[in-house]
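Residue 113 is where the sequence shown starts when you use the working numbering, and the numbers rise one by one after that.
Positions of the beta carbon are idealized from the N, C-alpha and C atoms, including for glycine.
Owing to the predicted nature of the structure, the values given are computational and were not obtained by experimental measurement.
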Amino acid sequence: MTPKIAVIIWAIGLVAWVVIRIPHQRRARKTRVASNAKTLGDRLALAAATMGLSFIPIVFVATGFPAFADYPFQSWLGWLGFVVEVAFLCLFYASHRQLGRNWSVTLEIRQEHKLVTDGLYKFVRHPMYLSFWLWAIAQACLLPNVVAGAAGLVGVAILYFFRVPQEEAMMRATFGASYDDYARHTGRIVPKSW
Ligand code: SAH
Numbered sequence: 113m114t115p116k117i118a119v120i121i122w123a124i125g126l127v128a129w130v131v132i133r134i135p136h137q138r139r140a141r142k143t144r145v146a147s148n149a150k151t152l153g154d155r156l157a158l159a160a161a162t163m164g165l166s167f168i169p170i171v172f173v174a175t176g177f178p179a180f181a182d183y184p185f186q187s188w189l190g191w192l193g194f195v196v197e198v199a200f201l202c203l204f205y206a207s208h209r210q211l212g213r214n215w216s217v218t219l220e221i222r223q224e225h226k227l228v229t230d231g232l233y234k235f236v237r238h239p240m241y242l243s244f245w246l247w248a249i250a251q252a253c254l255l256p257n258v259v260a261g262a263a264g265l266v267g268v269a270i271l272y273f274f275r276v277p278q279e280e281a282m283m284r285a286t287f288g289a290s291y292d293d294y295a296r297h298t299g300r301i302v303p304k305s306w
């Protein structure tokens, strides 16, 4: 693999992310919200993930900045990035489909919100956030620049560690014992029995 192909794979991943998300974003706009647990902190965490997974790598790919952080491209790392990118997109697509009308970009409970416990959600409580981790790992493998590579990992870490406790508290407040029982049988991003 060449550095150019690696950048193309990374760019296709970014476009695919937008294409997968658009119909869910449209439907979410039409689905009534019953309550929300949105905070300024959560918005900032989402902004950090967007910076790390989109803004900073786009600047790097478009301008080569910051060149001081470049390192020699490794073909095997590019191939690894490709495999992880495909896994990211599969997981991202499937988790949106399985959450259906219960999906929100922020912390919201929809009217007639149902607790999803099947499909990927039978194994882990946060398959979509797991897909974000894979996306960040793929980015770090595909872009041979320490800053652009690490930006995704830092952005996802901020979103994940800030949001997950709040999201789980919101789900617990809404679904009570059913969520406790669900959480007992699942891991956050790694299945429990592993
Ligand atoms: N954390 C999940 C979902 C991310 S989308 C994942 O990583 O796959 C965030 C929204 O999904 C939250 O606002 C919440 O309303 C909803 N949500 C999270 N887990 C859910 C579940 N098991 N069933 C239904 N809705 C869920």
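Residue i burial status per 10 Å Cβ neighbour count (16 or more: buried)
| i | result |
| --- | --- |
| L165 | buried |
| E224 | exposed |
| W188 | exposed |
| P239 | buried |
| L232 | buried |
| A289 | exposed |
| L96 | It is not possible to answer for residue 96, since the shown part of the chain is limited to 113 through 306. |
| V268 | buried |
| R237 | buried |
| I249 | buried |
| R275 | buried |
| I120 | exposed |
| L152 | exposed |
| A118 | buried |
| S147 | exposed |
| I124 | exposed |
| G176 | exposed |
| G261 | buried |
CB of residue i within 8 Å of CB of residue j, strictly
| i | j | result |
| --- | --- | --- |
| L265 | F244 | no |
| P184 | V259 | no |
| V196 | L242 | no |
| A263 | L201 | no |
| L219 | A149 | yes |
| N214 | V228 | yes |
| L254 | G190 | yes |
| Q278 | P169 | no |
| H136 | H208 | yes |
| F172 | N257 | yes |
| D292 | R284 | yes |
| F204 | I134 | no |
| A140 | S216 | yes |
| T286 | R222 | no |
Start and end residues, alpha helix (DSSP H) containing residue i
| i | result |
| --- | --- |
| R296 | A289 to H297 |
Minimum Cβ-Cβ distance from residue i to chain B less than 8 Å
| i | result |
| --- | --- |
| L152 | Any reference to chain B falls outside this structure, which holds one protein chain only. |
Going along the chain, which unbroken runs of the alpha helix (DSSP H) with 4 or more residues stay wholly within the segment 139–192? 152–162 and 168–175
What are the uninterrupted segments assigned as alpha helix (DSSP H) that are 4 or more residues long and contained completely in the segment 212–258, given in chain order? 239–254
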